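To keep things clear, I will list the structure first and then write my remarks on it.
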Amino acid sequence: MSALAATLSTQEYKYGFTTDIEADVAPRGLTEDIIRLISAKKEEPAFMLEFRLKAYRQWLKMTEPTWQNVVYPPIDYQDIIYYSAPKPKNKLNSLDEVDPELLETFEKLGIPLHEQKLLANVAVDAIFDSVSVATTYKEKLREHGVIFCSFSEAVKEHPELVRQYLGTVVPITDNYFAALNSAVFSDGSFVFVPKGVHCPMELSSYFRINNAESGQFERTLIICEEGAAVSYLEGCTAPKYDKNQLHAAVVELVALDNAEIKYSTVQNWYAGDAEGRGGIYNFVTKRGKCLGRNSKISWTQVETGSAITWKYPSCVLIGDNSVGEFYSVALTNHRQQADTGTKMIHIGKNTRSHIVSKGISAGKSNNSYRGLVKILPSAENARNYTQCDSMLIGQECGANTFPYIEVQNNTAKVEHEATTSKISEEQIFYFMQRGIPQEDAISMIISGFCKEVIRELPMEFAVEAQRLLGLKLENSVG
Amino acid sequence: MTAVGAETVRTPNPFADAFAEFLAASATTALWDRRRAAFAVFERLGIPTVKEEAWRYTNLAPLSKQVFRLATADGLDTALVRHSLPLFDESATTCLVFVNGSFQVALSDLRDLPSGVAVTAPGEDLHLPAEETPFRALNTAFVREAVVIRIPRNTVVVPPIGLFFVTAPTVDFTMTHPRVIIELGEAAIATVVEIHTVLCDDEGRFGAHPYLTNAVTDVQLGQGSNLTHIKIQTEGGHAYHLADLRAVIGRGAAFTGHAHAIGGLLSRQNIQAQFTDEGGECRLYGLQAIAGHQLADTHVVVDHAVPDCTSEVLYKGIFDGQAHGVFDGRILVRHGAQRTHALTTNKNLLLSATARADTKPQLEIFADDVKCGHGATVGQLDADEIFYLRSRGLPVTEARRLLTFGFAREVSEKLPIPSLKVRLDGALAARVEASPVSFREAE
Chain D
81 MSALAATLST QEYKYGFTTD IEADVAPRGL TEDIIRLISA KKEEPAFMLE FRLKAYRQWL
141 KMTEPTWQNV VYPPIDYQDI IYYSAPKPKN KLNSLDEVDP ELLETFEKLG IPLHEQKLLA
201 NVAVDAIFDS VSVATTYKEK LREHGVIFCS FSEAVKEHPE LVRQYLGTVV PITDNYFAAL
261 NSAVFSDGSF VFVPKGVHCP MELSSYFRIN NAESGQFERT LIICEEGAAV SYLEGCTAPK
321 YDKNQLHAAV VELVALDNAE IKYSTVQNWY AGDAEGRGGI YNFVTKRGKC LGRNSKISWT
381 QVETGSAITW KYPSCVLIGD NSVGEFYSVA LTNHRQQADT GTKMIHIGKN TRSHIVSKGI
441 SAGKSNNSYR GLVKILPSAE NARNYTQCDS MLIGQECGAN TFPYIEVQNN TAKVEHEATT
501 SKISEEQIFY FMQRGIPQED AISMIISGFC KEVIRELPME FAVEAQRLLG LKLENSVG
Chain C
947 MTAVGAETVR TPNPFADAFA EFLAASATTA LWDRRRAAFA VFERLGIPTV KEEAWRYTNL
1007 APLSKQVFRL ATADGLDTAL VRHSLPLFDE SATTCLVFVN GSFQVALSDL RDLPSGVAVT
1067 APGEDLHLPA EETPFRALNT AFVREAVVIR IPRNTVVVPP IGLFFVTAPT VDFTMTHPRV
1127 IIELGEAAIA TVVEIHTVLC DDEGRFGAHP YLTNAVTDVQ LGQGSNLTHI KIQTEGGHAY
1187 HLADLRAVIG RGAAFTGHAH AIGGLLSRQN IQAQFTDEGG ECRLYGLQAI AGHQLADTHV
1247 VVDHAVPDCT SEVLYKGIFD GQAHGVFDGR ILVRHGAQRT HALTTNKNLL LSATARADTK
1307 PQLEIFADDV KCGHGATVGQ LDADEIFYLR SRGLPVTEAR RLLTFGFARE VSEKLPIPSL
1367 KVRLDGALAA RVEASPVSFR EAE
């Protein structure tokens, strides 16, 4: 075994640089005044302030959850900066007006902000610290009636839509971090695809935490009307700081009749160093509501970053014949902790859900799958299939599976399977005797292990995700 | 019944009065202090609520609203008990019978009892492990007579040792606290059958009373020993049955546990198996077959603390009416427990539209050279299979019965005692036949 024992490297975190940009920063701490300040800064209508204050008062009554399988020192919520925005706050009309330093940052991150990169054919909303800095391809999208903009813009320009849907999927009372987010969220993305429109291009958000002491609280709301379809990607990075940073986002998806939403995430927040210093606490609430008949929501995630990941992208299958999907790869190394999975709540008739979760643990990390499949009495002929595979690399990591299956309808068919395996010496030996170096061998075995999930990702993302997995595990084995 | 005082209203404890009476009636010894300490543990932990993860599907709130008294065997009609004892063939000459918590010498047969088996009132030397759960603590506080089965090294006990815990309640809300201690010496082999049941007379008057059985079984297996433990629970239709089995499995020892839950209004079986040395084996099989408003809950923990051990858990549930089945199976593979093989399977059959199954198989793995897996399913009888049988001329009820039996067979056929297998099948048949045809396929 010792030949394969983990000698862990400190794989350089490529996105660990900081950008020196003057920022408009709110004072530390959280009070009603801060919330009023955020709301005022964003020139929000009264209903938004009301929503925030209600959430804040709710949050005060709640206690931080402790049931998840992660360990971290208590968070001082009064020591966080709840609002940080790049300074030149005048309204931007085109990318030419964006701070060149900022553009350079996104350049370094490999995000095709420049519209001339037509080949990429991806509309991007870039979020820097808490504020959306640029959204590309707006015009082209507008032609199709698709609204893709920052959340603040949506609040100003489409308040009726925001008001109608905000908090309907993740209510402010949902959980501690969702309540916190509802009170202080500063920006995020908003997508609205009208009836019958298939969004002509992939939509994408890039999130970047830059300020050392700010938390990032973004809010994403995607609405797909009858017969509409959209594919949305998000990517996340953050600089290296010794201090832990809190990221508590909320994502809400609403799919009406025959609508389809595909939501893909490649999460590569800074994970802390090999000793577990620093890194992002990624405490996120993501949920989709299949409201309409025949609607479909599909979550695909590749989670490689964050010191602690705590998220359960879920589907509430209300409409008859609606479909929920969850494909996940969660990779943890060093001292990372991940407690992630999904919830599939079957309410409508003939609802179907499919869960594929692949967990890879290396180093001294701890990786948990936690999932709920709930079939309510009304969900006639519901169907679920869940597959959870874990891979352990080294003897000091942990892989856990905590599935909850609750069935209250006898016409339902629910299946759950989980396995645990490792990369065996025989497999590596086989590759090596064929002249393939060990690193490549591991990368290929991991690719094979994750194939079912990776192939669900849009092409560009799939390539990036594969590369990321390989990078993260470099020198973990052998 | 004495009135519930103002104090007990403040902190409801359904057992406080009974405990005070019990203490007053027993001699003041070291054990007296032990009981008091245990009861204090129970009071501190309290009756679990659904807010606790281990009890999220099983609500004990109805329990805490009652006042329980220790059951007594006074004035019992021995002839009636003898007549309706659920003995099985193989146990005829080695059985210990407890009625309402007290040992019945006249009903027990110890002819083939191997040396070393003893039934004792818990003495000063009775070693009881520290309590971590409220109901274990409650058992220690109230335990009256414990069955201690000690099989010396290299001893093979061929006939199964039958333990019958029969409740014949004549009033509501009585309780018993059976305690079984099984210790196998090096290379010893034995089979122990625990049957928990309500006394059945023709009028079924005993089954109409709600009562509580709070059983604890402690198993200790020496090197290379082999124990088969079979538990069949057919308590009364209004009974609460809480049971906790803990097995400590030594080097190269094998533990096979069968636990079948058929009776009771609410039953909970905890099984915790722990390997203390390499090469141990643990196999746990169980069937939950319930209907009406019954609830059957099984919580299994297999703790692989050392390398080279194997565990297999197979539980099946058949739920009809508004029955609610719960399964929670946790496999823990600790650091260094390499070459562990662990497999958990839980399959559930919902026979009615209102039945409910909650299952939660868990894996917690901290070693990389292991083979672990679990699977869980919930579903109903296959319409195609029923159609096939009907096309062969079988009535729908018969088709259903056959398929349900087939489903249960995988577990029941593992029972090593033929007469018990027959009895289990019989109980299952009664279950299936008693339930109305709630099937869509049945026209």
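Chains as they are written, first to last, in our numbering: chain D, 81 to 558; chain C, 947 to 1389.
For every residue, glycine included, the Cβ atom is placed at its ideal position computed from N, Cα and C.
Just so you know, these numbers come straight off a predicted model, no measurement behind them.
Do you know whose CA, among the options, lies nearest residue i's CA?
{"i": "D:V242", "options": "D:T389, D:I525, D:S269", "result": "D:S269"}
{"i": "C:A1000", "options": "C:K1317, C:G1275, C:L1084, C:Y1261", "result": "C:G1275"}
{"i": "D:R535", "options": "D:V436, D:R514, D:P274, D:G474", "result": "D:V436"}
{"i": "D:Y449", "options": "C:R980, C:G1226, C:P1307", "result": "C:P1307"}
{"i": "C:F1221", "options": "C:G1182, C:A1038, C:G1168", "result": "C:G1168"}
{"i": "D:G421", "options": "D:K366, D:R463, D:F511", "result": "D:K366"}
{"i": "D:G428", "options": "D:K454, D:I522, D:L397", "result": "D:L397"}
{"i": "C:F1014", "options": "C:V1103, C:S1030, C:E1356, C:L1158", "result": "C:L1158"}
{"i": "D:C468", "options": "D:A498, D:C395, D:L333", "result": "D:A498"}
{"i": "C:A1200", "options": "C:H1187, C:E1129, C:H1155, C:C1146", "result": "C:E1129"}
{"i": "D:C370", "options": "D:Y343, D:P393, D:L333, D:G385", "result": "D:L333"}
{"i": "C:G1238", "options": "C:D1254, C:D1266, C:V1252, C:V1246", "result": "C:D1266"}
{"i": "D:S284", "options": "D:V250, D:F257, D:P251, D:I227", "result": "D:I227"}
{"i": "D:A479", "options": "C:P1364, C:A1329, C:I1277, C:V1378", "result": "C:I1277"}
{"i": "C:L1191", "options": "C:H1184, C:T1174, C:A1161, C:G1210", "result": "C:A1161"}
{"i": "C:V1089", "options": "C:A1038, C:V1104, C:H1123, C:A1083", "result": "C:H1123"}
{"i": "D:L246", "options": "D:G225, D:L140, D:I155, D:L129", "result": "D:L129"}
{"i": "D:Q347", "options": "D:A492, D:K531, D:V364", "result": "D:V364"}
{"i": "D:L336", "options": "D:A521, D:A259, D:Q416, D:K275", "result": "D:K275"}
{"i": "C:A1248", "options": "C:L1241, C:A1019, C:T1180, C:L1230", "result": "Residue identity differs from the one stated: residue 1248 of chain C is Val in this sequence, not Ala. For C:V1248, the nearest C-alpha among the options comes from C:L1230."}
{"i": "D:K134", "options": "D:E314, D:R116, D:V151", "result": "D:R116"}
Over what stretch of residues does the beta strand (DSSP E) that includes residue i continue unbroken?
{"i": "C:V1259", "result": "1256-1265"}
{"i": "C:E1129", "result": "1125-1130"}
{"i": "D:N464", "result": "463-473"}
{"i": "C:V1045", "result": "1041-1045"}
{"i": "D:R116", "result": "Careful: D:R116 lies outside any beta strand (DSSP E), inside the alpha helix (DSSP H) at 112-121."}
Below 7 Å on C-beta distance, what does residue i contact in chain C?
{"i": "D:A498", "result": "L1309, G1319, H1320"}
{"i": "D:Y484", "result": "K1306"}
Less than 8 Å between the CB atoms is what I'm expecting for residue i and residue j, so what's the real figure, rounded?
{"i": "D:R432", "j": "D:V403", "result": "5 Å"}
{"i": "C:A1193", "j": "C:Q1234", "result": "Rounded, the Cβ-Cβ distance is 20 Å, inconsistent with contact."}
{"i": "C:V1139", "j": "C:I1107", "result": "7 Å"}
{"i": "C:L991", "j": "C:A1083", "result": "7 Å"}
{"i": "C:K1360", "j": "C:H1204", "result": "7 Å"}
{"i": "D:F131", "j": "D:S232", "result": "About 14 Å; that fails the 8 Å criterion."}
Go to residue i, then tell me how far its alpha helix (DSSP H) extends in each direction, as first and last residue.
{"i": "C:T1024", "result": "1024-1030"}
{"i": "D:V533", "result": "518-534"}
{"i": "D:K134", "result": "126-141"}
{"i": "D:P483", "result": "Careful: D:P483 lies outside any alpha helix (DSSP H), inside the beta strand (DSSP E) at 478-487."}
{"i": "C:R1346", "result": "1342-1358"}
{"i": "D:S232", "result": "231-237"}
{"i": "D:M281", "result": "Looking at the DSSP string, D:M281 is not in any alpha helix (DSSP H), and its letter there is neither H nor E."}
{"i": "C:K1011", "result": "Counting along the chain, C:K1011 falls outside any alpha helix (DSSP H), and DSSP gives it neither H nor E."}
{"i": "C:N1216", "result": "That residue, C:N1216, is in no alpha helix (DSSP H); its beta strand (DSSP E) goes 1212-1221."}
{"i": "D:V264", "result": "256-264"}
Flag residue i as yes if its beta-carbon sits less than 8 Å from any beta-carbon of chain E, otherwise no.
{"i": "D:A351", "result": "The question asks about chain E, but that chain is absent: this structure's protein chains are D and C."}
Along chain D, in chain order, which residues have C-beta atoms closer than 8 Å to that of residue i?
{"i": "C:S1298", "result": "N490"}
{"i": "C:R1302", "result": "E486, V487, Q488"}
Taking residue i as the query, report the chain D residues whose CB atoms sit under 7 Å from its CB, ordered along the chain.
{"i": "C:G1232", "result": "Those do not exist, as C:G1232 stays about 17 Å from chain D at its closest Cβ, beyond 7 Å."}
{"i": "C:F1312", "result": "G478"}
{"i": "C:Q1050", "result": "Within chain D, no residue comes near C:Q1050; the closest Cβ sits about 43 Å away, beyond 7 Å."}
{"i": "C:Q1326", "result": "N490, T491"}
For the ligand FMN, I want to know if residue i counts as a neighbour, meaning its beta carbon is within less than 7 Å of at least one of the ligand's heavy atoms.
{"i": "D:E497", "result": "Looking for the ligand FMN in the displayed structure turns up nothing, as the structure carries no ligands at all."}
Run down chain D in chain order and give the residues with a C-beta less than 9 Å from the C-beta of residue i.
{"i": "C:Q1220", "result": "By Cβ distance, chain D contributes nothing, its closest Cβ being about 19 Å from C:Q1220, past 9 Å."}
{"i": "C:D1315", "result": "M81, L472, Q475, K502, S504"}
### Task
List in chain order: all unbroken alpha helix (DSSP H) runs of 4+ residues lying wholly within the segment 1071-1108 of chain C.
1080-1088
### Message
Please give me, in chain order, every unbroken run of the alpha helix (DSSP H) with length at least 4 that falls completely inside the segment 411-448 of chain D.
### Response
none
#### Entry: 3-residue-minimum beta strand (DSSP E) runs that sit fully inside the segment 355-401 of chain D, ordered along the chain
359-370, 376-383, 388-391, 394-397
### Query
Taking the runs of the beta strand (DSSP E) that are 3 residues or longer, which of them lie wholly in the segment 1249-1334 of chain C?
1256-1265, 1270-1279, 1287-1296, 1302-1311, 1317-1325
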